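Per the working numbering: the sequence shown = residues 16 to 286.
From the three backbone atoms N, C-alpha and C, an ideal C-beta is built for every residue, glycine too.
Quick caveat, the model's predicted, so the values are computed rather than measured.
One structure is given here, and the rest of the page talks about it.
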Amino acid sequence: MSPINHFSFGLLTPVLAYVMSSTGSMLGLLLTSRARLVGGREGRFWLVGAAFAIGGTGIWTMHFIAMMGFSVRGSAVRYDVPLTAASALIAVVVVGAGLFLVSYGGERALFLLGGGVLTGCGVASMHYLGMGAMNMAGHVHYDSLTVAISVLIAVAAATVALWFTLRVKGALKIGGAALVMGVAVSGMHYTGMYAMGVDVRGSATPVPGARAIDFLLPLIVGISLITVGLLLTVILSPTEQEIRSEREYQERLRGRDEGAPEVDLFGTPRA
Numbered sequence: 016m017s018p019i020n021h022f023s024f025g026l027l028t029p030v031l032a033y034v035m036s037s038t039g040s041m042l043g044l045l046l047t048s049r050a051r052l053v054g055g056r057e058g059r060f061w062l063v064g065a066a067f068a069i070g071g072t073g074i075w076t077m078h079f080i081a082m083m084g085f086s087v088r089g090s091a092v093r094y095d096v097p098l099t100a101a102s103a104l105i106a107v108v109v110v111g112a113g114l115f116l117v118s119y120g121g122e123r124a125l126f127l128l129g130g131g132v133l134t135g136c137g138v139a140s141m142h143y144l145g146m147g148a149m150n151m152a153g154h155v156h157y158d159s160l161t162v163a164i165s166v167l168i169a170v171a172a173a174t175v176a177l178w179f180t181l182r183v184k185g186a187l188k189i190g191g192a193a194l195v196m197g198v199a200v201s202g203m204h205y206t207g208m209y210a211m212g213v214d215v216r217g218s219a220t221p222v223p224g225a226r227a228i229d230f231l232l233p234l235i236v237g238i239s240l241i242t243v244g245l246l247l248t249v250i251l252s253p254t255e256q257e258i259r260s261e262r263e264y265q266e267r268l269r270g271r272d273e274g275a276p277e278v279d280l281f282g283t284p285r286a
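What follows is the structure, given as structure tokens:
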């Protein structure tokens, strides 16, 4: 019997992980939709927020919420803090790179596929680096075929997610796309976890590293609070309809100014 248990708390951790992944994906899609609308320098700021929402909340936080339910019979599980923090940085950076790439290339297939491969491989790297940050009293090994399948799932999921960021708009469609992205991210995670095996070896020395409850929980809570802040920013900012109306009004003013005669300081038309 395998000493690994991925569901130490039953369905609690996978359900919470899926909810967090879908929430981060939904927020990211809202932010990319806003970036498409405003464009320019302001649009790039919205894309940075989207990278944090999808990479930090939808992917990294989902991964480690799911890992809270991971246990190994006969060994404590501890985490290397620098490696875990590095995995979070990787998740945000690669998602941001993919978003900026497809934003630059639009709907051209080469940019979309390139962004999907870049982001998918980066997400897979985040996942396996996060798993590598776990310390146990035993030898960890992986099934190569299952690892390859998990990477393919990550690339496919990333490509679909980037396509969503280019095409999906409207609350209902964004919500549906976020639910699909949540399934894809969760599927990649548990496929990667299924590839893992542990040969437990008794040891008198304590397992090095920090307990999950000591630093993962505060990190997850902190990222969740930032997610709420981003969501409030979207809610309190002008709506898409308001932005479009303002843009149309400014265009009408410019058209009126261009058609008006030149006047002097007293408002008298010049000859």
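Quiz item: Taking Cβ positions, are T28 and I80 nearer each other than 8 Å?
Solution: yes
Quiz item: Does G147 have its Cβ less than 8 Å from a Cβ in chain D?
Solution: You won't find chain D in this structure, because it holds only one protein chain.
Practice problem: Reducing DSSP to helix, strand and coil, say where D158 ends up. | Solution: coil
Exercise. Please name the residue, chosen from F85, L128, V92, F67, that lies closest to I105 on a Cα-to-Cα basis.
Key: F67
Quiz item: For S252, which of helix, strand or coil comes out of DSSP?
Solution: coil
Quiz prompt | Inside the segment 150 to 236 only - alpha helix (DSSP H) runs reaching at least 4 residues | solution = 159 to 182, 186 to 209
Practice problem: Answer yes or no: do T76 and V110 have a C-beta to C-beta separation smaller than 8 Å? | Solution: no
Practice problem: Could you name the residues that DSSP lists as bridge partners for Y94? | Solution: M149, A225
Exercise. In angstroms with no decimal places, state the Cα-to-Cα distance between V278 and M196.
Key: Low confidence applies to V278: its pLDDT is 44, below 50, so where it sits in the model is not reliable, and the reading given next is rough at best. Spanning the two alpha carbons is a distance of roughly 58 Å.
Quiz item: The alpha helix (DSSP H) spanning P29 covers which residue range?
Solution: 27 to 53
Quiz item: Contact check, Y94 vs A225 under 8 Å by CB: the rounded distance?
Solution: 5 Å
Exercise. Report yes if the CB atom of R49 is closer than 8 Å to the CB atom of V243, and no otherwise.
Key: no
Quiz item: Roughly how far, in whole angstroms, is the beta-carbon of T206 from the beta-carbon of T174, given that I think they are within contact range, below 8 Å?
Solution: T206 to T174, Cβ: 17 Å. No contact.
Exercise. Using beta-carbon positions only, say whether L288 and A101 come within less than 8 Å of one another.
Key: This structure cannot speak to residue 288, because the chain is shown only from 16 to 286.
Quiz item: Is the segment 34 to 54 touching the segment 183 to 194, taking contact as three or more C-beta pairs under 8 Å?
Solution: yes
Quiz item: Going by other Cβ atoms of all chains shown within 10 Å of its Cβ, with 16 needed for buried, is H204 buried or exposed?
Solution: buried
Exercise. Pull up the CB-CB distance for V107 and G70, whole angstroms please, since I reckon it's below 8 Å.
Key: 4 Å
Self-check item: Cβ shell of G147 (< 7 Å), same chain only, five flanking positions each side left out
Solution: L98
Exercise. Please say whether L114 and T180 have beta carbons closer to each other than 8 Å?
Key: yes
Self-check item: Span separating the alpha-carbon of D229 from that of P18
Solution: 24 Å
Quiz item: If we ignore side chains and look at the alpha-carbon of each, how far apart do A169 and F22 end up?
Solution: 22 Å
Quiz prompt | 6 Å Cβ shell around H156 - same chain, five flanking residues per side excluded | solution = G212
Practice problem: Taking I80 as part of the alpha helix (DSSP H), name the residues at either end of that continuous run. | Solution: 77 to 82
Quiz prompt | Cβ neighbour criterion (16 or more within 10 Å) applied to F24 | solution = exposed
Quiz item: Taking C-alpha atoms, which residue in V198, Y119, G120 lies nearest to T38?
Solution: V198
Quiz item: Among K188, E57, G64, which residue has its Cα nearest to the Cα of L247?
Solution: G64
Quiz prompt | Check whether N150 and R88 have beta carbons under 8 Å apart | solution = no
Quiz item: Skipping 5 residues on each side, what residues in its chain have a beta carbon closer than 6 Å to that of A103?
Solution: W75
Practice problem: Determine the DSSP secondary structure at S23, reduced to helix, strand or coil. | Solution: coil
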